[in-house]
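**Student:** Note that the sequence shown covers residues 74 to 712 in my numbering. Sending over a structure as structure tokens; questions will come in a sec.
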Amino acid sequence: MPSSLDFVGKTLKCSNLLASLRCFLLLVICSITVLSVQCETLDRRTLQPLSSEDISRLLTIQDPVKNVDPSNPQSHLSKILIPRAAGTENNTLVREYIVSKLKSLNWHIELDDFVGETPVGSRRFVNIIATKDKDASRHVVLSAHYDSKYYPNYPENQFLGATDSAAPCAMMLDLAETLNPLLEAKKKSLDEGSEDDDETGDTTLQLLFFDGEEAFVDWTDTDSIYGARHLAEKWGTSYLPPSNSVRHHMTELDSIEHLILLDLLGAPNPIIRSYFINTAWLFDSLASVEKRLGDSGAFAYGDDTSMTAEKWTSYFRPRTTATVNYGYMGDDHVPFLQRGVSVLHLIAEPFPHVWHTLKIRLLPPPLRPTVRTSVTHRRYALSYGKDRPAGDHQRLCIGNTRKLIAWIYQIDEELMSAAGGFSLDQLMELAGLACAQTLATVYRKDVYPRVLVCCGPGNQGGDGLVAARHLSMFGYQPTVYMPKPGGKDIYKRLQVQCENERIPFIPPSNDVTALREALQRTDVIMDALFGFSFKPPVRAPFDEVLPILNESRLPILSLDIPSGWDVEEGDTLKVGLNPDVLITLTAPKKGVANFLGRHFLGGRFVPKTLQEKFDLQLPPYTGSDQIVELPSAKLQAKR
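Encoded structure:
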């Protein structure tokens with residue numbers, strides 16, 4: 074009779090993939106969680122040169138093999154590497170082991186426990202949520218599933234799923250142990266007030282161990298990723314209490330900076346790709362670190378010459394336009410991706426040739442990749458803190474507004490003068506297109522198809538009408554709400570363009586009943602009510618409209634500046650909208666320097682002559698994009 078170790082779902086031969094994986098985890102978490110670089114920006118980092126002292130330090134760290142060695146009965150991998158289908162006794166044993174190890178490291182544990190219907194009947198599922206600092210409002214999430222594939226009969230029911238995903242779970246526990254002293258020291262520094270970076274203090278590492286990833290019969294939308302679907306839905310409707318570091322209407326999902334999902338990892342000779350543009354810098358940085366170390370000979374070990382500077386090869390495929398957003402394969406990340414969470418999907422593709430088969434190979438990991446792992450992740454941790462993107466959010470906002478307050482009208486006049494050559498129609502078209510692109514970037518149309526575009530009577534409302542037309546052409550279902558329509562000829566022409574696109578309008582009225590009804594059929598709100606020239610107080614009918622929009626708890630995207638905010642002072646009256654996303658036009662404004670949501674700039678129409686004349690500080694745009702995401706705002710108060 075074969076032993077359980079003879080039935081390993083995928084070959085667990087710890088080749089250089091294991092090294093590359095652990096290196097990636099540590100470099101990402103050390104850098105984002107411990108050093109807390111502003112990770113929502115798409116800017117590239119430039120790594121510091123690798124010194125001989127750095128290499129020496131990296132080569133002398135603790136051996137990471139012991140916790141992922143299947144021949145060691147006390148290793149994390151050995152404890153997890155048993156048949157553990159969802160709802161079984163073994164699944165409970167593995168869960169209890171994971172929880173006990175993390176509790177011993179002083180991590181906060183939450184269990185998402187629920188019963189779901191499956192093709193084989195009702196099953197209990199339990200997601201494990203481990204958070205190092207439960208008081209932090211921002212999370213870098215590392216995730217994998219801990220269940221194994223369900224089979225009803227012997228010997229298939231002895232399936233272990235070594236890389237699907239026992240090995241990733243073991244590596245996550247190893248990662249928690251490795252980083253724990255650094256995270257403890259960081260928290261102590263914050264508690265004592267010696268840490269001067271508010272953003273650092275409010276970001277923590279969170280580990281998610283999903284249950285029920287595997288299908289019980291055949292993979293379908295309803296027979297798969299039970300735990301991930303349940304948790305994403307739960308967190309999407311769980312609102313955090315407002316505080317200095319939590320913006321209004323912020324959900325548990327909003328607290329996730331990046332979700333990093335590990336799957337199908339551990340087989341030899343993998344191909345690892347980058348799939349999503351907003352996490353491409355993580356992938357690129359890892360490839361850069363790997364190259365620097367490989368070329369330096371740091372991967373060579375003992376008498377093995379396969380990892381010398383002349384012979385080593387990378388497992389990370391260079392990014393191409395063909396791989397952008399190609400990663401929509403079924404896995405635990407999908408329900409989070411559908412809700413706008415930034416995802417890095419770390420998976421071998423094509424899948425290992427032993428995927429969901431019963432193989433009898435379970436080889437202990439060699440030491441060579443261990444050295445490569447240690448060198449790479451420690452190298453990145455040393456360099457990452459120095460790699461902040463140039464220019465932070467407050468400097469961009471405050472620096473530009475000192476000039477713009479006095480000159481904003483002059484800039485518009487010069488743009489539309491004979492020297493500038495622009496017409497008002499052109500500027501509105503470019504601004505509206507940038508706004509539509511921003512919404513499409515953040516809110517997927519298959520999840521947020523119905524957009525309520527709220528337009529005021531000024532140029533801001535005109536931008537909203539243009540955006541509504543483009544959104545319709547993008548495949549969204551916009552509805553225009555105009556509490557008080559504009560009277561200019563251009564406004565009327567833009568309205569005709571929307572009507573020709575068959576975009577429905579809510580008739581202007583002082584009665585807000587129609588607005589309340591429309592919000593019941595809305596997935597996301599576009600705020601184009603007031604612009605930068607707004608001066609208090611908020612007058613009728615907008616004094617009723619703004620509170621209703623805020624109370625809807627729907628995601629809001631504001632144009633240029635949130636309606637009701639002062640362009641210099643922000644939401645001083647506490648009556649303005651509280652958007653999740655902001656698209657600033659021309660240049661960032663001082664009043665939104667402390668805005669905590671995602672902040673984009675759309676001002677690619679500002680010519681070089683005006684940028685130089687008014688000394689505008691504008692970040693570079695990428696490719697043909699009409700927008701660029703700005704670094705996230707610094708948090709304004711320590712916990």
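Even for Gly, the Cβ is constructed at its ideal location relative to N, Cα and C.
(1) Going by DSSP, what residue range makes up the alpha helix (DSSP H) through residue 150?
(2) Just list the residues that DSSP pairs residue 599 with in beta bridges.
(3) Would you mind listing the beta strand (DSSP E) stretches within the segment 194-246 that are 3+ residues and don't spill past its ends, in chain order?
(4) Identify whether residue 624 lies in helix, strand or coil by the three-state DSSP scheme.
(5) Are the segment 163-182 and the segment 200-209 touching, with three or more C-beta to C-beta distances below 8 Å?
(6) Would you mind listing the alpha helix (DSSP H) stretches within the segment 159-192 that are 4+ residues and don't spill past its ends, in chain order?
(7) For the candidate residues 597, 347, 389, whose alpha-carbon lies nearest to that of residue 367?
(8) According to DSSP, residue 346 sits in a beta bridge with which residue or residues?
(9) What distance in whole Å lies between the Cβ atoms of residue 301 and residue 408, which are believed to be in contact at a cut-off of 8 Å?
(10) Flag this pair as yes or no: are the beta carbons of residue 224 and residue 157 separated by less than 8 Å?
(11) Here's the rule: buried if 16 or more other CB atoms are within 10 angstroms of the residue's CB, otherwise exposed. What is residue 652?
(12) Between the beta-carbon of residue 632 and the beta-carbon of residue 535, is there less than 8 Å?
(13) To test your reading of the DSSP string, which unbroken beta strand (DSSP E) runs of 3 or more residues are found completely within the segment 639-696?
(14) Roughly how many whole angstroms lie between the Cα atoms of residue 337 and residue 253?
(15) What residue from 670, 247, 167 has the CA that sits closest to residue 153's CA?
(16) I'd like to know if the segment 632-646 and the segment 579-597 are in contact, where contact means that at least 3 CB-CB pairs between them fall below 8 Å.
(17) If you draw a straight line from the alpha carbon of residue 659 to that of residue 676, how long is it in whole angstroms?
(18) Bridge partners for residue 714 per DSSP, in chain order?
(19) Measuring only the C-alpha atoms, how far is residue 387 from residue 364?
(20) If you follow the beta strand (DSSP E) that residue 416 is part of, which residue opens it and which one closes it?
(21) Where residue 325 and residue 216 are concerned, what is the direct C-alpha to C-alpha distance, given to the nearest angstrom?
(22) With H, G and I counted as helix, E and B as strand and the rest as coil, what does DSSP make of residue 310?
(23) Where DSSP assigns a beta bridge to residue 303, which residues make up the other side?
(24) Could you spell out where the alpha helix (DSSP H) holding residue 552 opens and where it closes?
(25) Could you tell me how far apart the beta carbons of residue 540 and residue 509 are, in whole angstroms, since I believe they sit closer than 8 Å?
(26) According to DSSP, which residues form a beta bridge with residue 336?
(27) Quick check: the Cα distance between residue 694 and residue 350, rounded to an integer number of angstroms?
(28) Could you give the distance in angstroms between the alpha-carbon of residue 360 and the alpha-carbon of residue 574?
(29) Let me confirm a value: residue 355 is counted as buried when at least 16 other C-beta atoms fall within 10 Å, else exposed. Which label applies?
(30) When you compare each of 588, 248, 188, 670 to residue 171 by their alpha carbons, which one comes out closest?
(31) What is the DSSP secondary structure of residue 701, counted as helix, strand or coil?
(32) Which residue's Cα is closest to the Cα of residue 163: 586, 198, 144?
(33) Nearest-angstrom Cα distance between residue 557 and residue 615?
(34) Please report the distance separating the alpha-carbon of residue 585 from that of residue 618.
(35) Relative to the alpha-carbon of residue 624, which residue among 335, 312, 186, 189 has its alpha-carbon at the smallest distance?
(36) Once the 5 residues before and after residue 559 are set aside, which same chain residues still bring their CB inside 6 Å of it?
**Tutor:** Short version:
(1) Element bounds for residue 150: 149-153.
(2) DSSP lists 526, 630 as the bridge partner or partners of residue 599.
(3) The segment 194-246 contains these whole beta strand (DSSP E) runs: 194-204, 211-218.
(4) Helix at residue 624.
(5) Yes: the two stretches touch, three or more of their Cβ pairs being nearer than 8 Å.
(6) Assignment of alpha helix (DSSP H) within the segment 159-192, counting only whole runs of 4 or more residues, yields 162-177 in chain order.
(7) Of 597, 347, 389, the residue nearest in Cα terms is 389.
(8) DSSP output for residue 346 lists no bridge partner at all.
(9) Beta-carbon to beta-carbon, residue 408 and residue 301 are separated by about 5 Å, close enough to satisfy the 8 Å threshold.
(10) No, Cβ-Cβ distance for residue 224 and residue 157 is not below 8 Å.
(11) Classification for residue 652: buried.
(12) It is not a contact, given that the beta carbons lie outside the stated cut-off.
(13) With a minimum length of 3 residues, the continuous beta strand (DSSP E) runs that stay inside the segment 639-696 are 654-658, 671-675.
(14) Distance between the alpha carbons of residue 337 and residue 253 is about 26 Å.
(15) Among 670, 247, 167, the Cα nearest to that of residue 153 is on 167.
(16) The count of Cβ pairs closer than 8 Å, one atom from the segment 632-646 and one from the segment 579-597, stays below three, leaving the stretches out of contact.
(17) Separation of residue 659 and residue 676 (C-alpha to C-alpha, rounded to the nearest whole angstrom) is 4 Å.
(18) Because the chain spans 74 through 712 in this model, residue 714 falls outside it and cannot be assessed.
(19) Their backbone Cα atoms lie some 8 Å apart in a straight line.
(20) That run of the beta strand (DSSP E) goes 416-420.
(21) In a straight line, the C-alpha of residue 325 is about 16 Å away from that of residue 216.
(22) Note: residue 310 maps to coil in three-state DSSP.
(23) Residue pairing for residue 303: DSSP places it in no beta bridge.
(24) Looking at the DSSP string, residue 552 is not in any alpha helix (DSSP H); the run it does join, the beta strand (DSSP E), is 550-554.
(25) The C-beta separation of residue 540 from residue 509 comes to about 4 Å, placing the pair in contact by the 8 Å criterion.
(26) The partner list for residue 336 (beta bridge, DSSP) reads 420.
(27) Approximately 14 Å, taken between the alpha carbons.
(28) Those two C-alpha atoms are separated by around 46 Å.
(29) Under this definition residue 355 is a buried residue.
(30) The option with the nearest alpha carbon to residue 171 is 248.
(31) The three-state secondary structure of residue 701, taken from DSSP, is strand.
(32) It is 198 whose Cα lies nearest to the Cα of residue 163.
(33) Between the alpha carbons of residue 557 and residue 615 lies a gap of roughly 9 Å.
(34) When the Cα atoms are used, residue 585 and residue 618 turn out to be separated by approximately 7 Å.
(35) The candidate whose alpha carbon is nearest that of residue 624 is 312.
(36) Within its own chain, the residues whose Cβ lies closer than 6 Å to the Cβ of residue 559, once the five positions on either side in sequence are excluded, are 530, 534, listed in chain order.
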